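For reference, the structure is listed below as structure tokens.
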Amino acid sequence: MKLEVAANAADRRERRRAEREAQQARRAERELIREQRRERRERSEARKAHSRDLERVIAALQHHSRSRSSSRRSPITPTTRSGIGLEEELERLKFALAESEKDSEGLRTKLRDLTDRLDIESKRANKAEARYREYTQQLRSAEIAKKKAEADATRESEESARLKIIYETARAQQEHIQQELDALQQERDEAEQLAADARTKARKFHEELIAAQAREEGRREGRREARREHKHRHREKEKEKVVERIIERIQPEQPTPPVVTESVVYDEEEGTTSQRTTPRALTPELPQERTPPPPPPIIPPQNYSPIDHHSEPDTELPDLPDPPQGIQMPEVIDPAPLPPIGGSAWSNLRNKIGGKLKRTNSRSDSYSQDSYLDDPGMYGAGRPTYSTSNRDNPSRSDVLSRSQFASPDRDIPSRSHYGHPDRDIPSRSHYSHVERDQPSRSQYTGIFPHRHLPRSFL
Numbered sequence: 007m008k009l010e011v012a013a014n015a016a017d018r019r020e021r022r023r024a025e026r027e028a029q030q031a032r033r034a035e036r037e038l039i040r041e042q043r044r045e046r047r048e049r050s051e052a053r054k055a056h057s058r059d060l061e062r063v064i065a066a067l068q069h070h071s072r073s074r075s076s077s078r079r080s081p082i083t084p085t086t087r088s089g090i091g092l093e094e095e096l097e098r099l100k101f102a103l104a105e106s107e108k109d110s111e112g113l114r115t116k117l118r119d120l121t122d123r124l125d126i127e128s129k130r131a132n133k134a135e136a137r138y139r140e141y142t143q144q145l146r147s148a149e150i151a152k153k154k155a156e157a158d159a160t161r162e163s164e165e166s167a168r169l170k171i172i173y174e175t176a177r178a179q180q181e182h183i184q185q186e187l188d189a190l191q192q193e194r195d196e197a198e199q200l201a202a203d204a205r206t207k208a209r210k211f212h213e214e215l216i217a218a219q220a221r222e223e224g225r226r227e228g229r230r231e232a233r234r235e236h237k238h239r240h241r242e243k244e245k246e247k248v249v250e251r252i253i254e255r256i257q258p259e260q261p262t263p264p265v266v267t268e269s270v271v272y273d274e275e276e277g278t279t280s281q282r283t284t285p286r287a288l289t290p291e292l293p294q295e296r297t298p299p300p301p302p303p304i305i306p307p308q309n310y311s312p313i314d315h316h317s318e319p320d321t322e323l324p325d326l327p328d329p330p331q332g333i334q335m336p337e338v339i340d341p342a343p344l345p346p347i348g349g350s351a352w353s354n355l356r357n358k359i360g361g362k363l364k365r366t367n368s369r370s371d372s373y374s375q376d377s378y379l380d381d382p383g384m385y386g387a388g389r390p391t392y393s394t395s396n397r398d399n400p401s402r403s404d405v406l407s408r409s410q411f412a413s414p415d416r417d418i419p420s421r422s423h424y425g426h427p428d429r430d431i432p433s434r435s436h437y438s439h440v441e442r443d444q445p446s447r448s449q450y451t452g453i454f455p456h457r458h459l460p461r462s463f464l
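This is the structure we're talking about:
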């Protein structure tokens, strides 16, 4: 834009200078024309004056000639008049001729001066005309350049207007895009804030859910524990009654004084051999031809509840919900049959029942609560094992228990397979009462009133 303004100013200056020079040339031309007119007037006046002088001289000469002719005819002597008048006339003519000569010489001088001046002015006029033509050509060139510059300026102005429109459009688009970016950034910030709030709420709800699940699992575990404890107590009482009945049936037939026997007990769990002296009732071998007494009744499997009429009337089982779907229930194994009474297997069983109990003191007659009857491999699983699938850390339920090793799916024989090889151990139903296929457990109560069996007699 600055270059265009400078070019326009230079064009205007050139145009003004050309106009001034053209005006000066026209002024000089007009002055020259006036000088020529004045010279022509002076020439015409000089010619008129010279012609007038010539006419006077001619008139004087004519008058002189006429006066001479008249003097010849007059009677007066010419010597007296003609001599004086002729001299005066000649003097006057000489003076007139001299004056006319002076005038004509002045006119010639003026004419030469005017001619020289006319030549000078003509040269000046020619120079002015040449300069005028040059200035006119320059003015024409300047006008052409001006028109070109104006066209360029118009084109540049149009281009600048177009670029300005493009710039305004781009700036408007940029502002619109910036507004959209600001809106998107605001939406993003709001979304991040909402996501953070949602994560906080989800974390809080998750913690509450975990706490609720833990409380519910604790409640269920407590109910299961109460149920197991109830079953355990009931079975403990039933087994105490069974053992007491067995002892009552054995004692009336052959009372045996208490003797002191020394038994060697091998603790399978600790892998040690210990000798102890315990008061034992000696059970002699009964003759084989006698009819053996009926064995104790079959202990019901652990997969269902005991009979209602044997349970305590005041004890009520809690209303437990259904077990959860994702928890693995323990496998229940039927207990092995007991050996017949009076044989070596029964003595071994009695020794196991009495000898496998761990002593709290080697020289005392009391025993700890842990006994051989706690073995889940013999009488099935003691406590059910649950494996929750929603725990992060592996639980103990993933490890196989002893009851699972006694599953019928595995090729592991029961303890009854390791009895005496010479004796065929019949089932419990073979030794049942004559009148009943399966005797009631109430017939065998009160056998061991002086012995307290452990809680885990299952």
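Numbering (my numbering), first residue to last: 7 to 464.
Just so it is clear, CB atoms sit at the ideal spot from N, CA and C, and this is done for glycine as well.
A quick note: this is a predicted structure, and the numbers were derived from the prediction, not measured.
Report, in whole angstroms, the separation of the C-beta atoms of residue i and residue j, which I expect to be a contact under 8 Å.
i, j, result
"Y138", "A28", "6 Å"
"V63", "S110", "Not really, about 12 Å apart at Cβ, beyond 8 Å."
"R26", "A148", "13 Å between Cβ atoms; not a contact."
"H56", "L103", "The pair is not a contact, with the Cβ atoms about 12 Å apart (cut-off 8 Å)."
"A31", "A155", "Contact doesn't hold; Cβ gap of about 26 Å is too wide."
Quick one, are the C-beta atoms of residue i and residue j less than 7 Å apart?
i, j, result
"Q144", "A24", "yes"
"D17", "K170", "no"
"E48", "A131", "no"
"A66", "L96", "no"
For residue i, is the classification buried or exposed, using 16 other Cβ atoms within 10 angstroms of its Cβ as the cut-off for buried?
i, result
"R11", "Checking the sequence shown, residue 11 turns out to be Val, not Arg. Counting Cβ neighbours within 10 Å, V11 comes out exposed, since fewer than 16 surround it."
"R251", "buried"
"A134", "buried"
"L190", "exposed"
"Q294", "Because the pLDDT at Q294 is just 46, under 50, the model does not fix this residue reliably, and the value given afterwards should be weighed accordingly. By the neighbour-count rule (16 or more Cβ atoms within 10 Å), Q294 is not buried but exposed."
"K247", "buried"
"E214", "exposed"
"R241", "buried"
"I150", "exposed"
"I216", "exposed"
"I183", "exposed"
"E165", "exposed"
"E127", "buried"
"E140", "exposed"
"E244", "buried"
"G277", "Because the pLDDT of G277 is 45, which lies under 50, any placement of that residue in the model is unreliable, and the number read from its coordinates should be weighed accordingly. That one is exposed."
"R19", "exposed"
Secondary structure at residue i, three-state DSSP: helix, strand or coil?
i, result
"A15", "helix"
"A189", "helix"
Does any CB atom of chain C fall closer than 7 Å to the CB of residue i?
i, result
"L190", "Going by chain labels, chain C is absent from the structure shown, which holds only one protein chain."
Three or more C-beta pairs below 8 Å linking the region 118-134 and the region 31-41: By the Cβ rule, the region 118-134 counts as touching the region 31-41, because three or more pairs are nearer than 8 Å.
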